[in-house]
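Using the numbering used here, the letters of the sequence shown correspond one by one to residues 2 to 391.
Below: one structure, written as structure tokens.
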Amino acid sequence: MKYIKHFIDLNKIIIAILISRVLKLSKMNKDIWLISERRDEAEDNAFHLYKYIRENHPTQKAYYVIDKKSHSYLKITKFETIIQQNSLRHYIYYFLAEKHLSAFQFFGVPETPILWRLESYGLIKKKKVFLQHGITKEILPFLNYANTKYNLFVCGAKPEFDFVKEHFGYPKENVKYLGFCRFDNLHDYKVKNQILLMPTWRQWFGMTNSDNNTEMKYDEFIMSEYYHRYNNLLNSVRIHEFLEKHDIKLIFYPHPEMQRFIKAFNCNNSNITIANRNNYNLQNLLKESRLLITDYSSVAFDFAYMRKPLIYYQFDQQRYYTDHFQKGYFDCNRDGFGPVIRDEKILIDCIEKFMLKDSNDEKYNDRVGDFFQLYDKENCKRHYEVISSI
Numbered sequence: 002m003k004y005i006k007h008f009i010d011l012n013k014i015i016i017a018i019l020i021s022r023v024l025k026l027s028k029m030n031k032d033i034w035l036i037s038e039r040r041d042e043a044e045d046n047a048f049h050l051y052k053y054i055r056e057n058h059p060t061q062k063a064y065y066v067i068d069k070k071s072h073s074y075l076k077i078t079k080f081e082t083i084i085q086q087n088s089l090r091h092y093i094y095y096f097l098a099e100k101h102l103s104a105f106q107f108f109g110v111p112e113t114p115i116l117w118r119l120e121s122y123g124l125i126k127k128k129k130v131f132l133q134h135g136i137t138k139e140i141l142p143f144l145n146y147a148n149t150k151y152n153l154f155v156c157g158a159k160p161e162f163d164f165v166k167e168h169f170g171y172p173k174e175n176v177k178y179l180g181f182c183r184f185d186n187l188h189d190y191k192v193k194n195q196i197l198l199m200p201t202w203r204q205w206f207g208m209t210n211s212d213n214n215t216e217m218k219y220d221e222f223i224m225s226e227y228y229h230r231y232n233n234l235l236n237s238v239r240i241h242e243f244l245e246k247h248d249i250k251l252i253f254y255p256h257p258e259m260q261r262f263i264k265a266f267n268c269n270n271s272n273i274t275i276a277n278r279n280n281y282n283l284q285n286l287l288k289e290s291r292l293l294i295t296d297y298s299s300v301a302f303d304f305a306y307m308r309k310p311l312i313y314y315q316f317d318q319q320r321y322y323t324d325h326f327q328k329g330y331f332d333c334n335r336d337g338f339g340p341v342i343r344d345e346k347i348l349i350d351c352i353e354k355f356m357l358k359d360s361n362d363e364k365y366n367d368r369v370g371d372f373f374q375l376y377d378k379e380n381c382k383r384h385y386e387v388i389s390s391i
């Protein structure tokens, strides 16, 4: 079956190349932008930029790639330039587009090892723009210029911009501090009496659909410290009593890579929701929550951008920076926007403090101001102007 799929993919590639070459003869098919993020999402930087372009620069030929089975698909059908992931049209526009814009490395590429390999060897000659998914704070060799050849690497914060320029090997003009497109939408919001608990994933659990078949099994996961820490917190009597007394809701929203284990978590408290990502918009959760509890996730930056209090729950800090990512310029103890906690009792103390105080400590607000030197609703505008010029 694998060889049949490769044969079909190869035929699609050949047909798409031939059709795209014919279409390129027309001026109507010049300066096409292909925009993407996760195949099943329309809520990150890429979609915010696409939406901005359609609403403010409708003559720009911008196309958004998404899986037709995505929970987000129906909400974006009002836009006419939507392309279904892995369709023949996707292959054609992949070769036809002059610029590829994505929030993730290799996303937006038709899902075939043939094209992934051509991409990794730099044999697809397109102008590539990396919109990013989250603030880069660790040393990530796979994002080095030698591995990506990005024409534009967008940064969302000033310290990140300085870090990427110095350590990732990009030509100076290829790295820009523009802010993130989704930040435009973080200025107007109404807050509920709600806590968002959102931890990130771990390398040692493997990845969904991983080629090397290292994905951790369910039985192994429920033996992990990660599972026990979060399941214990969800079932803490003290947490339950606090939520009930102050009429607070808690949403537990694991990272997309951890959603495959979501059924392992159990809690019968009516004030606590274990969230399936297909039923929630992450940015809306961030905007409407009063407090964020995370670990190392870059969602902390979005929450801090709104000047709202957050807590880092880092019970496995040593292993994370050994087996997950190598620590970079950002130290949560020194640079973070909230306290770093390893113990559940102290964590609950902090939750109670922040929810009853309803404000952030001044030192954390000062750090936010230094970190996000661009604070406006012009992020998408800056992106469009810079991308148009490359």
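Built from N, CA and C at the ideal position, the CB exists for glycine as well.
Just so we're clear, the structure is a prediction, and the values are computed from it rather than from any experiment.
Where residue i sits in the DSSP three-state scheme
i    : result
F48  : helix
C268 : coil
Q327 : strand
Y219 : helix
T137 : coil
F1   : Shown here, the chain extends from 2 to 391; a query on residue 1 therefore has no answer.
Y313 : strand
N214 : Bear in mind that a pLDDT of 45 at N214, under 50, signals an unreliable position, so the number given afterwards is only what the model happens to contain. N214: coil per DSSP, three-state reduction.
L244 : helix
I1   : What is shown of the chain runs 2 to 391, which leaves residue 1 out entirely.
I391 : coil
Beta-carbon contacts of residue i that lie in its chain and below 6 Å, excluding the five residues immediately before and after
i    : result
I275 : F253, F266
Y314 : I294, D296, I342, L348
K52  : none
Q374 : K159
I196 : L251, L292
Boundaries of the beta strand (DSSP E) in which residue i is found, first to last residue
i    : result
S37  : 34-37
Q195 : 195-198
I275 : 273-275
T295 : 292-295
L251 : 250-253
Cutoff 8 Å; reference residue i; Cβ partners in own chain excluding five residues on either side
i    : result
Y171 : Y146, Y151, F154, V165
I388 : W34, K100, L102, V130, L153
C-alpha distance - residue i paired with residue j, whole-angstrom precision
i    : j    : result
L89  : I125 : 18 Å
K127 : I36  : 13 Å
K193 : R291 : 7 Å
D1   : K346 : There is no way to answer for residue 1, as the model of the chain reaches only from 2 to 391.
N334 : A301 : 14 Å
N186 : I5   : 45 Å
F326 : C156 : 19 Å
E42  : H134 : 12 Å
R203 : L287 : 22 Å
C182 : Q319 : 33 Å
R278 : P257 : 7 Å
Residue i - containing alpha helix (DSSP H), residue span
i    : result
V176 : From DSSP, V176 is part of no alpha helix (DSSP H) but of the beta strand (DSSP E) over 176-178.
L348 : 345-358
L153 : Unbroken run through L153 is the beta strand (DSSP E), 153-156; no alpha helix (DSSP H).
D189 : That residue, D189, is in no alpha helix (DSSP H); it is neither H nor E in DSSP.
Q284 : 283-289
E42  : First-last for E42: undefined, no H or E at that position.
D303 : 300-306
R183 : R183 -> no alpha helix (DSSP H), and no H or E assigned at all.
H256 : No alpha helix (DSSP H) holds H256; DSSP gives it neither H nor E.
Same chain, Cβ closer than 7 Å to residue i, five either side skipped, listed in chain order
i    : result
D336 : R368
F338 : A301, A305, L311, Y365, R368, V369
I54  : Q61, A63, Y385
CB contact below 8 Å: residue i versus chain D
i   : result
R55 : Among the protein chains of the structure shown there is no chain D, as only one such chain exists.
Give, in chain order, every unbroken run of the beta strand (DSSP E) that is at least 3 residues long and sits entirely within the stretch 62-120.
63-67, 83-85, 100-103
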